[in-house]
Amino acid sequence: MQVLSPFTVFNHEQTLKFLNRNERECLHKVIDKEVYRVIRFQNELILFSIRLEGNLQISVHNIPSKQEIAEAITKYVKQWFDLDTNLEAFYQSIEADTILSKLCQKYHGLRLIGMPDLFESLIWSIIGQQINLTFAYILKERLVHNFGESVDFHGQYFYALPTPQRLAQLSIEDLRPLQFSTRKAEYIINIAKAFAEGQFSTEKLQNLSFDEIRSELIKIKGIGNWTANYSMMKSLRYYDAFPIEDVGLQNAVKNHYLLDSKPTMIQLNEMAKHWKGWKGYATFYFWHSLLE
DNA sequence: TACCAGGATGTTG
DNA sequence: CAACATCATGGT
């Protein structure tokens, strides 16, 4: 076991609320203020948990923890929970926007909970395109339960996302019975192939600029501006990535700014000038407000 | 029942 | 280049 501490700010309550946002979430489980997750490390499935109370205690459950595993998990958690960001810089930067500032006070210490695995955020965002979130979680659950591997811990199963290699083997006909549309199936299998064959990876994007990464992502069929920015903010930690087409964001903005209809992209871009450098973080806070 | 969902793509005018 | 149709299905 190890402990991540001390932090300047971390909002345990709001983080738990985020992690519990959908009962059907299948890639982590919250049990008594402790979040469990399986990651793959050196082709081995590792079940670990983080205690969301006081200091963040990390435990490894299914195998004896070695130094290098502890380091890998620590790195993962730091990225997942965005522990290295200076939140005060975000809060100060958007100070001119009194409405967002109020949200920041309300959720003070909430960090942008991400997805360290780029493949995961791409698959998840493609699943979520143009359907309601409830259905999106059902589709993800079917994909994971049908094709993902799991760790059996005291009779309870904890799943990992199927690997690109596994999904690359599938055909559209395998996913149609799970109620994936032909297009979603096609996009997912194509992206899985690109990752499996090494044509695409986080490493290959490492030395590129924001615009170059965005354009590389958009070259892939099925990834548009929304998906590219979603993944850049959730996986690649570009806090200014802005999924402006997002209906949830638009609705949250409509609610908080008391608009009579959803903002146009032009309006939203205008408002987002106050969030410069932190548009992704602002988006995350607005999304979080939808959980109320 | 019609319209909306954490959009993207291909076609048409 | 902007407008429109299409995808597929659950939720309200």
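Last residue of the first sequence? That's 297 in the working numbering, and every number before it is there in order. Glycine included, every Cβ here is placed at the ideal spot set by N, Cα and C.
Considering Cα atoms alone, identify which of Phe158, His159, Arg181, Gln134 is closest to Leu148. Arg181
Counting only runs that start and end within the stretch 114-179, where is the alpha helix (DSSP H) found for 4 or more residues in a row? 123-133, 138-152, 169-173
In chain order, what are the residue ranges of uninterrupted beta strand (DSSP E) at least 3 long that sit wholly in the stretch 35-80? 39-46, 49-57, 61-65
Would you call Gln204 buried or exposed, if buried means 16 or more other Cβ atoms sit within 10 Å of its Cβ? exposed
Selection from Leu254, Leu108, Glu49, Arg56 that minimises the alpha carbon distance to His17: Arg56
With DSSP as the reference, label Leu295 as helix, strand or coil. coil
Who are the Cβ neighbours of Met120 in its own chain at under 6 Å, not counting the five residues just before and after it? Ser126, Lys239, Ser240
Just reading off the alpha helix (DSSP H) that Phe95 is part of, what are its end residues? 92-98
So, using beta-carbon positions, are Trp283 and Ser98 closer together than 8 Å? yes
Here's the rule: buried if 16 or more other CB atoms are within 10 angstroms of the residue's CB, otherwise exposed. What is Ala277? buried
Anyone know if the C-beta pair for Ala141 and Gly153 falls short of 8 Å? no
Straight-line gap, Phe23 to Leu117 (C-alpha atoms, nearest Å): 10 Å
Comparing alpha-carbon positions, which option in Gly285, Leu32, Phe247 lies nearest Met270? Phe247
Cα-Cα separation between Val3 and Lys34, rounded to whole angstroms: This structure does not reach residue 3, given that the chain is present from 6 up to 297, and the question cannot be answered.
Start and end of the alpha helix (DSSP H) containing Gln19? 17-24
Is Phe215 helix, strand or coil when you go by DSSP? helix
Once you ignore the five residues that flank Gln184 on each side, which residues in its own chain have a CB closer than 7 Å to its CB? Leu144
Own chain residues within Cβ distance below 6 Å of Asn27, not counting five before or after: Tyr142
Spatial distance of Gln72 from Thr232 (CA atoms): 36 Å
Can you check whether the CB of Ser214 is closer than 8 Å to the CB of Leu123? no
Cα-Cα, which of Glu100, Ala101, Leu88, Glu202 is closest to Leu115? Leu88
For Ala101, the three-state DSSP class (helix, strand or coil): coil
According to DSSP, is Trp283 helix, strand or coil? coil
May I ask you to report which of helix, strand or coil DSSP gives Cys31? coil
What's the gap between the Cα of Ala286 and the Cα of Tyr112? The sequence shown places Tyr at residue 286, not Ala. So the two alpha carbons sit approximately 12 Å from each other.
What residue range does the alpha helix (DSSP H) around Arg2 cover? Absent from the structure is residue 2, since the part of the chain shown begins at 6 and ends at 297.
Under the three-state reduction of DSSP, which class applies to Glu275: helix, strand or coil? helix
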